[in-house]
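Note sheet for the following structure.
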Amino acid sequence: MGSSDEAPVVSPSPVVRQHTYDLALDTYRYLRGGMVVTVVMLAAAVVGERVSTGCWQASISAYFYTAAHSVFIAALCSIGAQLIVYKGTDTEDALLNTAGVLAFGVAFVPTSDAEVQGCPSDGPWGPSDRAVTNNIGAVIVALMLALVVVLILYRRRGSRGPRSLVGAVVQVAFWAIMAAGVFGFLFLRDLFDSYAHMTAAILMFAAIIVNVFVNAVLALVTPASELSPRPKLFAALYFAIGGLMCVTLVVVLVLIRFWTGWQHAVLVIEALLIGEFAAFWVVQTVELWKTPNRIELMPKEQGEQLAQNRIRPDSDNLMDEISAWRQCPPKERFLRAL
Numbered sequence: 083m084g085s086s087d088e089a090p091v092v093s094p095s096p097v098v099r100q101h102t103y104d105l106a107l108d109t110y111r112y113l114r115g116g117m118v119v120t121v122v123m124l125a126a127a128v129v130g131e132r133v134s135t136g137c138w139q140a141s142i143s144a145y146f147y148t149a150a151h152s153v154f155i156a157a158l159c160s161i162g163a164q165l166i167v168y169k170g171t172d173t174e175d176a177l178l179n180t181a182g183v184l185a186f187g188v189a190f191v192p193t194s195d196a197e198v199q200g201c202p203s204d205g206p207w208g209p210s211d212r213a214v215t216n217n218i219g220a221v222i223v224a225l226m227l228a229l230v231v232v233l234i235l236y237r238r239r240g241s242r243g244p245r246s247l248v249g250a251v252v253q254v255a256f257w258a259i260m261a262a263g264v265f266g267f268l269f270l271r272d273l274f275d276s277y278a279h280m281t282a283a284i285l286m287f288a289a290i291i292v293n294v295f296v297n298a299v300l301a302l303v304t305p306a307s308e309l310s311p312r313p314k315l316f317a318a319l320y321f322a323i324g325g326l327m328c329v330t331l332v333v334v335l336v337l338i339r340f341w342t343g344w345q346h347a348v349l350v351i352e353a354l355l356i357g358e359f360a361a362f363w364v365v366q367t368v369e370l371w372k373t374p375n376r377i378e379l380m381p382k383e384q385g386e387q388l389a390q391n392r393i394r395p396d397s398d399n400l401m402d403e404i405s406a407w408r409q410c411p412p413k414e415r416f417l418r419a420l
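First residue of the sequence shown: 83, per the numbering used here; consecutive thereafter.
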């Protein structure tokens, strides 16, 4: 029939658009706040175990073997899922996706060194090869399914979608880490069981720390506005939190490797690191309370540089991306990288 049979295109009314925006804004608020609440839940379980047994374990990870077992795993999986779902800039998205997936590894592969003299692990959970095999196998299946779905969606769109230079590098690193993990799980199982938990935890916090510094830098270059009247204050807070997290992570690694004195030193430092993680999300919740994402706080020109598609949309080669980035005007390179 003629064109008169075609359904008219109906644009949503301003009221509907505002309602949709408000839903997105509330969702982001709940995600940011949810991570803080999850940390509080984990802390409550650890303190509850201390009240029950009268002693502390050697580390947060050691609570896998106690009555706090279920909350420990649930908290890590919840935070992992929230990190994956959270969508910031492209670089943030890549970093948080990496940290989120690694959180599942931290949850499902127990620490191999958890014993504290005189402090019982009163839960029925012990090291279980079957549990690790089943749970990590499930994570691998989910990752493979996600990869297939993403590739199908990319093919339909005819594009790899938005990707910053740093985001592209992080994405390559993510799949390299996943490939190494799967290889170790399948062919170097003893090594995997001994080191997967610690390696995943270190890389998870490293990705989170880089994300904190990315937010610090972006807040630093954001001009004051009605939505964000004091961006420099938030930049200073992000730099402080990121610096503290770096120092704390290094101290944790040094204590684990060299310290044989106070048995609870690692527990205290890990608690500080998790507290700093929660502090970041508290600060970001306050900073971005009136907007779902940071791009809305930036002038249009800066926002377009930050949110741009691939510099070479016809290429999936990372070296081509880097070469094209170098050809951008010097003033644009910084935001285009992020």
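Positions of the beta carbon are idealized from the N, C-alpha and C atoms, including for glycine.
Quick check: the Cα distance between Ala-189 and Ser-405, rounded to an integer number of angstroms?
Walking along the sequence shown from the start, residue 189 turns up at place 107. Walking along the sequence shown from the start, residue 405 turns up at place 323. Those two C-alpha atoms are separated by around 39 Å.
Got a sec? Which residues, its chain only, sit under 7 Å from Val-264 by beta carbon, not counting five neighbours each side?
For this step, residue 264 is matched to residue 182 along the sequence shown. If we look at Val-264 and ignore the five residues flanking it on each side, its Cβ neighbours are Ile-222.
Compute the beta-carbon to beta-carbon distance between Leu-178 and Leu-165, rounded to the nearest angstrom, for a pair I have assumed lies under 8 Å.
Within the sequence shown, the letter at position 96 stands for residue 178. Within the sequence shown, the letter at position 83 stands for residue 165. Their Cβ separation, rounded to whole angstroms, is 4 Å, which keeps Leu-178 and Leu-165 in contact under 8 Å.
Could you check how far apart the C-beta atoms of Thr-193 and Phe-146 are, in whole angstroms? I think they sit under 8 Å.
By one-based count along the sequence shown, residue 193 stands at place 111. By one-based count along the sequence shown, residue 146 stands at place 64. Going by Cβ atoms, the distance from Thr-193 to Phe-146 rounds to 7 Å, so yes, they are a contact pair.
If contacts are defined as beta-carbon pairs under 8 Å, then Glu-131 and Ala-150 qualify, I think. What distance do you get, rounded to the angstrom?
Translated into positions along the sequence shown, residue 131 becomes position 49. Translated into positions along the sequence shown, residue 150 becomes position 68. Between Glu-131 and Ala-150 the beta-carbon gap is near 5 Å, inside 8 Å, which marks them as a contact.
Straight-line gap, Met-401 to Ala-250 (C-alpha atoms, nearest Å)
Along the sequence shown, one-based indexing puts residue 401 at 319. Along the sequence shown, one-based indexing puts residue 250 at 168. For Met-401 and Ala-250, the distance between alpha carbons rounds to 10 Å.
Restricting to Cα atoms, I'd like to know which of Ala-156, Phe-340 and Ala-353 is closest to Phe-287.
The residue given as residue 287 occupies position 205 in the sequence shown. Answer by Cα proximity: Ala-353.
Find out if the Cβ-Cβ distance for the pair Leu-49, Ile-377 is shorter than 8 Å.
Outside the shown range of the chain (83 to 420) lies residue 49, about which nothing can therefore be said.
Does the Cβ of Tyr-112 have 16 or more other Cβ atoms within 10 Å, making it buried, or fewer, making it exposed?
Residue mapping note: residue 112 aligns to position 30 of the sequence shown, counting from 1. It is exposed - the Cβ of Tyr-112 has fewer than 16 other Cβ atoms within 10 Å.
In the structure shown, what three-state DSSP assignment does Cys-201 receive?
Locating residue 201 in the sequence shown gives position 119, counting from the first residue. Of the three classes helix, strand and coil, the one that applies to Cys-201 here is strand, per DSSP.
Check whether the segment 355-370 and the segment 325-332 touch, using three or more Cβ-Cβ pairs below 8 Å as the test.
yes
Tell me which residue opens and which closes the alpha helix (DSSP H) that Val-303 is part of.
Locating residue 303 in the sequence shown gives position 221, where the first residue counts as 1. Segment: none, Val-303 is in no alpha helix (DSSP H) and carries neither H nor E.
On a CA-only basis, which of Gly-115, Tyr-320, Gly-116 and Thr-215 is nearest Phe-269? Give me that one, please.
Here residue 269 corresponds to residue number 187 of the sequence shown, with the count starting at 1. Out of Gly-115, Tyr-320, Gly-116 and Thr-215, Thr-215 has the C-alpha closest to the C-alpha of Phe-269.
Short Cβ contact (8 Å threshold) for Leu-349 with Gln-100:
Here residue 349 refers to the residue found at position 267 when the sequence shown is read from its first residue. Here residue 100 refers to the residue found at position 18 when the sequence shown is read from its first residue. No, the pair does not count as a contact, with Cβ atoms beyond the cut-off.
Cα-Cα separation between Phe-186 and Thr-102, rounded to whole angstroms:
Residue mapping note: residue 186 aligns to position 104 of the sequence shown, counting from 1. Residue mapping note: residue 102 aligns to position 20 of the sequence shown, counting from 1. Those two C-alpha atoms are separated by around 31 Å.
Neighbourhood of Ser-143 by C-beta, 6 Å cutoff - its chain only, sequence neighbours within 5 removed:
Your numbering for residue 143 matches position 61 in the sequence shown. Result list for Ser-143: Thr-193, in chain order.
Whose C-beta lies closer than 8 Å to the C-beta of Leu-225 among residues of the same chain, with five residues either side of it excluded?
In the sequence shown, residue 225 corresponds to position 143, counting from 1. These residues qualify, in order along the chain: Val-183 and Met-260.
Suppose the cutoff is 7 Å on Cβ atoms and the five residues either side in sequence are ignored; what does the same chain contact list for Leu-420 look like?
Residue mapping note: residue 420 aligns to position 338 of the sequence shown, counting from 1. Excluding five sequence positions before and after Leu-420, the CB atoms of its chain that fall closer than 7 Å to its own CB belong to Thr-171, Thr-173, Ser-246, Val-248, Val-296, Leu-300 and Leu-388, given in chain order.
Boundaries (first-last residue) of the alpha helix (DSSP H) holding Glu-378
Position 296 of the sequence shown, counted from the first residue, corresponds to residue 378. Glu-378 -> no alpha helix (DSSP H), and no H or E assigned at all.
Let me see if you follow: with CB-CB separation under 8 Å, is Val-230 close to chain B or not?
No chain B appears in this structure, which consists of one protein chain only.
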